[in-house]
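Numbering of the sequence shown is given in the numbering used here, commencing with residue 1 and proceeding in unit increments.
A virtual CB, placed ideally from N, CA and C, is assigned to each residue, including glycine.
Just so it is clear, the structure is predicted and the values come from calculations on it, not from any experiment.
Here's the structure, in structure tokens; my notes come after.
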Amino acid sequence: MKLAIFCIKFFIVFSSLVFLNACNTSSIYSSSPPPKVSPKSPWEWETISAVGQPTARQEAGLIAYKDKLLLIGGRRINPTDEFDTKTNTWQAKAPTPIELHHFQPVVVGDAVYIVGAMTGGWPNEKPLDRVVIYYPERDEYTYGDKIPENRRRGSAGAVYYNNKIYLVGGITNGHMDGYRSWLDEYDPATGEWRVLADAPEARDHFHAVVAEDKLYVFGGRKSSRKTQEDIVLTNRYGNIYDFATQQWEAVSEDLAQPSLRAGTATFVWKDEVIFGGGESISQAIAHQEMDAFSTTSKTWRDWPPLQRGRHGAGLAIVDGYVYTASGCGNRGGKPELESIERLRLP
């Protein structure tokens, strides 16, 4: 009998200890809730709610100058619109001295150089006969050197590399005909102009960039209103010029572009050349695509598409973001856009 009572008491005490231990263990974990993990924001373009608006335009130049964006030119004579990326504010500045459009601006020191622009109305625009220079600090335009008559064209790609400006491609007779494969070197310090080797393909309506001592051109077309092929003859392949050898690389299937279009804009990030936007015969609305070419693996991948398709715009980097503004929302000339977008760079 005593043994039975002892066993019962032992069982009760043991069970209580087990229960208390379980409760205490549970309280250790339940007192510290699982950490909250903030979901990553999606990697996509965002339309900025800006203070003020720029003058809507297309075929203009967009370029970063320090921590500002400058929107220059476009069809008609427009003010130069400055966007402060810290306050998201637009401010109108001096207008261009004449109508300037279809160009890719480059920064040289404290100035913005415009080489290879068009002026006048569609489809018989004329190539500008000289360089135009804008000084943002003074908010002033001046004329620079004359461009050799036999090398004048508009809608060309322009880059600044090793203190020289390189102008590639372009068209000599508005949108009618005269697309070129030319490559030229211009020294802004001396005014000297030097003709280099022609590219493997002629093209206009595109932008050029430099990555790892090479010149890259993607996008573009051979505009030919004269044969009713205004936007049909898009370039399938990109081209690469090696500054070290002063030769164009052989065209390979690696350079075949995922989407054929013109009126594109281009920038470089890390080992990728990214070109986006544009217009083509395949769709009425302007393109949203952003195609990225790896200079190391020679492969393509997609970047996030623009929120609003546009052509005749630009792409510029400021403080870890790439921006685009203005341009045209459909194939052709309308509607001209006022919106500005940005994408966080990876």
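Closest residue to residue i among the options (Cα-Cα distance)
i                 : options                        : result
glutamate 289     : Thr295, Ile274, Ile281, His102 : Ile274
glutamine 104     : Ser326, Phe206, Pro258         : Phe206
phenylalanine 218 : Ala208, Asn163, Thr47          : Ala208
alanine 94        : Val115, Ile63, Thr142, Met118  : Thr142
glycine 333       : Thr234, Trp248, Asp230, Thr324 : Asp230
threonine 190     : Ser282, Ile147, Gly174, Gln307 : Ile147
tryptophan 300    : Leu306, Gln307, Asp291, Arg308 : Asp291
valine 168        : Tyr186, Asn162, Glu82          : Tyr186
threonine 55      : Leu71, Ser49, Pro42, Pro305    : Leu71
tyrosine 135      : Val107, Ala50, Trp193          : Val107
tryptophan 90     : Ala50, His101, Gly73           : Ala50
valine 195        : Glu336, Arg203, Ile165, Tyr321 : Ile165
alanine 64        : Tyr161, Ser181, Trp122, Phe267 : Phe267
arginine 152      : Gly278, Pro127, Trp303         : Pro127
phenylalanine 293 : Trp248, His101, Ser259         : Ser259
tryptophan 122    : Thr87, Glu82, Pro335, Arg75    : Arg75
asparagine 163    : Glu149, Asn124, Tyr113, Ser181 : Tyr113
arginine 225      : Gln53, Leu100, Thr87, Asn124   : Asn124
glycine 278       : Lys86, Asp271, Val232          : Val232
cysteine 246      : Glu272, Leu215, Ser297         : First, the amino acid is wrong: residue 246 is glutamine here, not cysteine. The residue with the shortest Cα to Cα distance from glutamine 246 is Leu215.
glycine 144       : Glu192, Gly120, His101, Arg138 : Glu192
glutamate 336     : Trp182, Asp271, Gln53          : Gln53
tryptophan 295    : Asp271, Asp184, Ser280, Gly178 : The residue you asked about is not tryptophan; residue 295 is threonine in the sequence shown. Taking only the C-alpha atoms, the option nearest threonine 295 is Asp271.
histidine 102     : Pro42, Arg57, Ile281, Trp182   : Arg57
glutamate 137     : Glu82, Leu306, Ser282          : Glu82
isoleucine 281    : Pro188, Arg331, Tyr179, Asp139 : Arg331
glutamate 253     : Lys298, Gly276, Gln283, Thr227 : Lys298
tryptophan 182    : Arg308, Asn239, Gln257, Lys86  : Asn239
glycine 178       : Asp184, Pro188, Asn150, Asp139 : Asn150
tyrosine 161      : Pro188, Glu140, Arg180         : Pro188
aspartate 302     : Gln257, Gln283, Arg308         : Gln257
Residue range of the unbroken beta strand (DSSP E) whose run includes residue i
i              : result
leucine 343    : 340 to 344
tyrosine 179   : 177 to 179
valine 318     : 316 to 318
asparagine 239 : 239 to 242
aspartate 84   : 79 to 84
glycine 309    : Per DSSP, glycine 309 belongs to no beta strand (DSSP E) and is neither H nor E.
glycine 329    : Segment: none, glycine 329 is in no beta strand (DSSP E) and carries neither H nor E.
leucine 337    : Note, leucine 337: premise wrong, no beta strand (DSSP E); not H, not E.
isoleucine 72  : 68 to 73
Beta-carbon gap between residue i and residue j smaller than 7 Å
i                 : j              : result
valine 318        : aspartate 67   : yes
tyrosine 241      : leucine 255    : no
glycine 327       : arginine 342   : no
isoleucine 285    : serine 223     : no
alanine 250       : leucine 62     : no
methionine 176    : glycine 154    : no
serine 47         : serine 339     : The sequence shown places threonine at residue 47, not serine. Closer than 7 Å, so yes.
glycine 329       : alanine 262    : no
proline 79        : alanine 60     : no
arginine 344      : tyrosine 323   : no
alanine 111       : isoleucine 133 : yes
phenylalanine 243 : aspartate 198  : no
glycine 109       : alanine 156    : no
valine 159        : valine 210     : yes
arginine 203      : asparagine 173 : no
alanine 325       : alanine 265    : no
tryptophan 45     : proline 346    : no
glycine 73        : leucine 100    : yes
tryptophan 269    : proline 200    : no
Residues sharing a beta bridge with residue i, DSSP
i             : result
aspartate 184 : Leu167, Val195
glutamate 44  : DSSP output for glutamate 44 lists no bridge partner at all.
threonine 89  : Val51, Asp84
arginine 57   : Leu337
alanine 64    : Leu69
threonine 234 : Arg221
glutamine 247 : Asp242
Below-7 Å beta-carbon distance, residue i vs any chain D residue
i             : result
glutamate 338 : Absent from the structure is chain D; it holds one protein chain and no more.
Inset, instruction - Counting only runs of 3+ residues fully inside the segment 93 to 173, write out the beta strand (DSSP E) ranges in chain order. - result: The DSSP assignment places 106 to 108, 111 to 114, 130 to 135, 140 to 146, 157 to 161, 164 to 168, 171 to 173 as complete runs of the beta strand (DSSP E) inside the segment 93 to 173, in order along the chain (cut-off: 3 residues).
Inset, instruction - Could I get the ranges of all uninterrupted beta strand (DSSP E) runs contained in the segment 249 to 307, with 3 residues as the minimum, in chain order? - result: 265 to 269, 272 to 276, 290 to 294, 300 to 303
Legend entry - Continuous beta strand (DSSP E) assignments of at least 3 residues falling wholly in the segment 195 to 225: 207 to 211, 214 to 218
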